[in-house]
């Protein structure tokens, strides 16, 4: 039996990686899925994949850091499908610009050679890079949640799952802006869950460990090796691992679960 029959879901960052896996899994369980992504072609490709499998999907190009675009996204979904039952906030950007990535790689090489030194990333990070990271991850999660709640509160039901990271729980060297954004999402999730529970709306977060996606493909090899060595299962995860958790959290199987942070990370952080 399908877990999401007739539900309407908005999946941001749905054009690739974890978002794509979540969009496809929700659709396979009976949901109509709005695939929102900054990349129009990626959103349309995933929507076409869902439709080819017999599901219902809508591609909506959206920059979640732009509240006007976010509001237009939810207005369109409500207009075409009548409501929003589920929101999965996944939109995100890579952790480091090319110059900072190069700095990190050089520092890691020195450290692996026995040097004792700082990675030197935060001291070289400019305002724009810091703000863009928080705009997409943290503000984007807020803007989409706000728009969804305007629909869900009126209907008296809904489920939201936000994508945090193990970096928001334990930190990550060389990516303080990413860790700060993800920690903010965790605090946001817990606060909103307490606020809206009386309207029968559940809000949870997922904090993945290292997952193989296009966004993590550029992680410096030294950092990847360090993370895998500290992961008891000895491997990185795949997007479908996270989609399975997201499905549980938005389904009726998790009807008594809210304000929680579930961390599928292979044992990296416990």
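Numbering (the working numbering), first residue to last: 1225 to 1494.
We put the CB at the ideal spot given by N, CA and C, even for glycine.
All values reported here derive from a predicted model rather than from experimental measurement.
| Check | Outcome |
| --- | --- |
| Would you identify the three-state DSSP class for residue 1248, choosing helix, strand or coil? | helix |
| Suppose the cutoff is 7 angstroms on Cβ atoms and the five residues either side in sequence are ignored; what does the same chain contact list for residue 1363 look like? | 1289 |
| With three or more beta-carbon pairs closer than 8 angstroms as the criterion, would you say the stretch 1251–1267 touches the stretch 1326–1344? | no |
| Using alpha carbons as the reference points, say which of 1388, 1477 and 1244 lies closest to residue 1270. | 1244 |
| Have a look at residue 1313 and residue 1416 and give me their C-alpha separation to the nearest angstrom. | 14 angstroms |
| Closer than 8 angstroms is the cut-off here; do at least three beta carbon pairs connect the stretch 1418–1431 with the stretch 1439–1448? | no |
| Ends of the beta strand (DSSP E) at residue 1303? | Note, residue 1303: premise wrong, no beta strand (DSSP E); alpha helix (DSSP H) at 1291–1305. |
| Beta-carbon separation of residue 1475 and residue 1227 under 8 angstroms? | yes |
| Using a Cβ distance threshold of 8 angstroms, determine whether the stretch 1293–1313 contacts the stretch 1360–1378, with at least three qualifying pairs required. | yes |
| On a CA-only basis, which of 1340, 1341 and 1236 is nearest residue 1293? Give me that one, please. | 1236 |
| So, helix, strand or coil for residue 1242, using DSSP? | helix |
| In three-state terms, what does DSSP make of residue 1426? | strand |
| Three or more C-beta pairs under 8 angstroms: does that hold for the stretch 1406–1416 against the stretch 1450–1458? | no |
| Going by DSSP, what residues sit across from residue 1256 in a beta bridge? | 1232 |
| When you compare only the Cα positions, how much space is there between residue 1448 and residue 1380? | 43 angstroms |
| By alpha-carbon positions, which one of 1336, 1274 and 1406 ends up nearest to residue 1365? | 1406 |
| Are the CB atoms of residue 1387 and residue 1316 within a distance shorter than 8 angstroms? | yes |
| Measuring alpha carbon to alpha carbon, tell me which of 1389, 1479 and 1401 ends up nearest residue 1488. | 1389 |
| Taking 7 angstroms as the limit between beta carbons, can you name the residues of its chain near residue 1267, skipping five residues before and five after? | 1238, 1239, 1259, 1260, 1261, 1283, 1284 and 1285 |
| Along the chain, where does the alpha helix (DSSP H) containing residue 1408 start, and where does it finish? | 1400–1420 |
| Determine the direct distance from the alpha carbon of residue 1433 to that of residue 1328, and round the result to whole angstroms. | 20 angstroms |
| With distances taken between CB atoms, is the gap from residue 1485 to residue 1473 smaller than 8 angstroms? | no |
| Where does residue 1261 fall in DSSP's three states? | strand |
| What does the Cβ neighbour count give for residue 1225, buried or exposed, with the cut at 16 atoms within 10 Å? | exposed |
| In its own chain, which residues sit with a C-beta less than 6 angstroms from the C-beta of residue 1353, not counting the 5 before and 5 after it? | 1321 |
| What number of angstroms, rounded off, separates the C-alpha of residue 1411 from the C-alpha of residue 1305? | 31 angstroms |
| Can you tell me whether residue 1494 is buried or exposed, with buried defined as 16 or more other CB within 10 angstroms of its CB? | exposed |
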